[in-house]
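Numbering-wise (our numbering), the sequence shown opens with residue 75 and increments by one. Written out below as structure tokens is the structure these notes cover.
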Amino acid sequence: MAKRSNTKQKIVLALFELMKTRSVDEVTVSDICKQASVSRMSYYRSFKSKQQILEYQFDEVFQEFFSYLQVMNNHDMTAFLDAFFTVIRRHRGTVNILIKADLVGIILDKLQFYITDLVDKDVLKIRDRASKMWIAFVAGGLTQMIVEWDKDDMVESNAEMVMIGRKFLK
């Protein structure tokens, strides 16, 4: 299992390295295999598509976010935003590549999925049971905040980003 995980990580790193200079559509499976030093068979055992690689990497980012939230005693909106911006900053390279590749939709989709999960598991405490519309609003807003923050080279501190987010999520 560790070998498979290592292979997956090599493939992910290879794709993201290649996406620094080319669009995701220009990167071929052969390019990824060569960069990662893995066979095509290993590639297809690990992933079915480049899209799946990108989603896998963003899932890894969100697993870190979940872990970060779970060790915190406070699960209010401020704690949520603090954990969120801390993890996004830590993975700014991944986020930047997705944004530059015009793959913001992956970020939005994953945010909607994970915010729903956090609410369902009662990790994210909110006044009322969240509706799909509230989750869509929060996911869309946070996605655009990430895009703008990335454009500005993340000059705002995490605390400033939390303050901005809190203005909209009272």
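For every residue, glycine included, the Cβ atom is placed at its ideal position computed from N, Cα and C.
Helix or strand or just coil, what does DSSP make of Met207?
Here DSSP, grouped into helix, strand and coil, assigns Met207 to helix.
Would you mind sorting Thr217 into buried or exposed? The rule is 16 or more other CB atoms within 10 Å of its CB.
buried
For a minimum of 3 consecutive residues, which ranges assigned as the beta strand (DSSP E) are wholly contained in the region 132-158?
none
Same chain, Cβ closer than 8 Å to Glu230, five either side skipped, listed in chain order:
Trp223, Ile238
Check whether Ile180 and Ile209 have beta carbons under 8 Å apart:
With respect to the 8 Å criterion, Ile180 and Ile209 are not classified as neighbours on the basis of their beta carbons.
Local conformation of Lys122 per DSSP, three classes:
Here Lys122 sits in coil by DSSP.
Of all Cβ atoms in chain D, is any one closer than 8 Å to the Cβ of Met115?
As a matter of chain content, chain D is missing from the structure shown, which is built from one protein chain.
Cβ separation of Gln140 and Met235, assumed to be a contact under 8 Å, to the nearest whole Å:
Correcting the residue identity first, residue 140 is Phe in this sequence and not Gln. With 8 Å as the limit, Phe140 and Met235 do not qualify as a contact, their Cβ atoms being about 19 Å apart.
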